[in-house]
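Notes for the one structure printed next.
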Amino acid sequence: MSKKSSSTSRTPMTPGAAARIQSAEARAGNGQVSSGSFTSRAQRAAANNTAPKKP
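Residue numbers (numbering that gives the first Met the number 0): 0 to 54.
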């Protein structure tokens, strides 16, 4: 059986939240963010969660 958290609703990653995560990691990592980090996954998730702009 898989474990589920007590909260069932999930909040999608937003570009603003991903930017805050990236900023914090860059400050902690002397300006560097590694390519396989949680930050890169957060940025990708935020990009996938934003709706494409209609012309």
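C-beta atoms are modelled at their ideal positions from N, C-alpha and C, and glycine is treated no differently.
When the alpha-carbon of Ala18 is set against those of Ser34, Ala50 and Ser39, the nearest one is in Ser39. Shown here for Val32: same chain residues with a beta carbon closer than 8 Å to its own, the five before and five after excluded, namely Gln21, Glu24, Ala25, Thr38 and Ser39 in chain order. Distance between Asn29 and Ala16, taken at the CA atoms: about 20 Å.
Annotation: the continuous alpha helix (DSSP H) that includes Pro14 extends over Pro14 to Ala27.
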